[in-house]
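If you count the sequence shown from 1, position 153 lands on 855 in this note's numbering, and the numbers rise without skipping.
For each residue, glycine too, the CB sits at the ideal point set by N, CA and C.
Note that the structure is predicted; figures quoted are calculated from it, not measured.
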Amino acid sequence: LVYNAAFPNAGAFLDKPVDLQRSVVTLNCLRPTELTHHFGSLMRARGRGGVILMSSLTAFNGSPFVANYGATKAFNMVLGEGLWYELGRSGIDVTVCCAGVITTPNFEEGFSGKASIIEPPKMSPEAVARSAVEALGRRSVFVPGRMNSFLSFIMRRLMSRRATVRLMAKTVEDLSIEDRQTEQHVG
703 LVYNAAFPNA GAFLDKPVDL QRSVVTLNCL RPTELTHHFG SLMRARGRGG VILMSSLTAF
763 NGSPFVANYG ATKAFNMVLG EGLWYELGRS GIDVTVCCAG VITTPNFEEG FSGKASIIEP
823 PKMSPEAVAR SAVEALGRRS VFVPGRMNSF LSFIMRRLMS RRATVRLMAK TVEDLSIEDR
883 QTEQHVG
């Protein structure tokens, strides 16, 4: 099972309708829970299997302007890490891929602004998928890409949480400017 759905919903939390926020939680938390339970049961019955849950670098700390999304990705990370141990006893490998920016059409369309402080490293979907499959059975949680791993280490181990949240705020806010401008024209 590879659960690779996401709905970042960038922008100020209170400016987004609660129904939209609920949709993010449903897609990013409820659905992977349901699918992992369903397919995990089938895998346990046959004594082997694998589950890859896609998470995000936003799972490691508060991420303003994608706060709800980051919280849902933290849920996936903690769920997957717990299941890595629990299901591993039944022959089921579980890994959580905490990816950074993946150059998908949705990203390119929704985040076409330019970050002024730090330009997040970007990876192709193929490179992230290859890394996730290679990590299955080897690591419970991992960050694909050398630069993403390095930046994640700095932000989680060397910077204060407050400084990390501020850095994320500036980076995501700059990236989501065009998204907010597009919404204003449409609405």
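(message) Taking 8 Å as the cut-off, does the stretch 753-765 touch the stretch 861-876 (at least 3 CB pairs, one atom from each stretch)?
(response) They touch, by the three-pair rule.
(message) Please classify residue 787 as buried or exposed, where buried requires at least 16 other C-beta atoms within 10 Å of its C-beta.
(response) Counted from its first residue, the sequence shown places residue 787 at position 85. Counting Cβ neighbours within 10 Å, residue 787 comes out exposed, since fewer than 16 surround it.
(message) If I measure Cβ to Cβ from residue 850 and keep anything under 6 Å in the same chain, skipping five residues before and after, which residues do I get?
(response) Residue numbering aside, residue 850 sits at position 148 when the sequence shown is read from its first letter. For residue 850, where only same-chain residues beyond five positions count, the Cβ hits under 6 Å are 802 and 823.
(request) For the stretch 717-746, list the alpha helix (DSSP H) runs that are entirely contained and at least 4 residues long, ordered along the chain. (result) The DSSP assignment places complete alpha helix (DSSP H) segments of no fewer than 4 residues inside the stretch 717-746 at 720-727, in order along the chain.
(request) Would you mind sorting residue 807 into buried or exposed? The rule is 16 or more other CB atoms within 10 Å of its CB. (result) Mapped onto the sequence shown, residue 807 falls at position 105. Burial call: exposed.
(message) Less than 8 Å between the C-beta atoms of residue 846 and residue 825, yes or no?
(response) In the sequence shown, the residue the question calls residue 846 occupies position 144. In the sequence shown, the residue the question calls residue 825 occupies position 123. For residue 846 and residue 825, yes; Cβs fall inside 8 Å.
(message) If distances are taken between C-alpha atoms only, which option among 722, 765 and 784 comes closest to residue 755?
(response) Counting from one through the sequence shown, the residue named residue 755 turns up at place 53. Ranking 722, 765 and 784 by Cα distance to residue 755 puts 784 first.
(request) Using a threshold of 8 Å, state whether the C-beta atoms of residue 797 and residue 842 are closer than that. (result) Mapped onto the sequence shown, residue 797 falls at position 95. Mapped onto the sequence shown, residue 842 falls at position 140. Yes, the Cβ-Cβ distance between residue 797 and residue 842 is below 8 Å.
(message) Is the separation between the beta-carbon of residue 746 and that of residue 794 shorter than 8 Å?
(response) Position 44 of the sequence shown holds residue 746. Position 92 of the sequence shown holds residue 794. The answer is yes: Cβ separation under 8 Å.
(message) Taking only three categories from DSSP, how would you classify residue 704?
(response) For the purposes of this step, residue 704 is identified with residue 2 of the sequence shown, where counting begins at 1. If DSSP states are grouped into helix, strand and coil, residue 704 belongs with the strands.
(message) Below 8 Å on the Cβ atoms is my contact criterion, and I expect residue 731 with residue 777 to pass it. Report the Cβ-Cβ distance as a whole number of Å.
(response) The residue labelled residue 731 in the question sits at position 29 within the sequence shown. The residue labelled residue 777 in the question sits at position 75 within the sequence shown. Right, their Cβ atoms sit about 5 Å apart.
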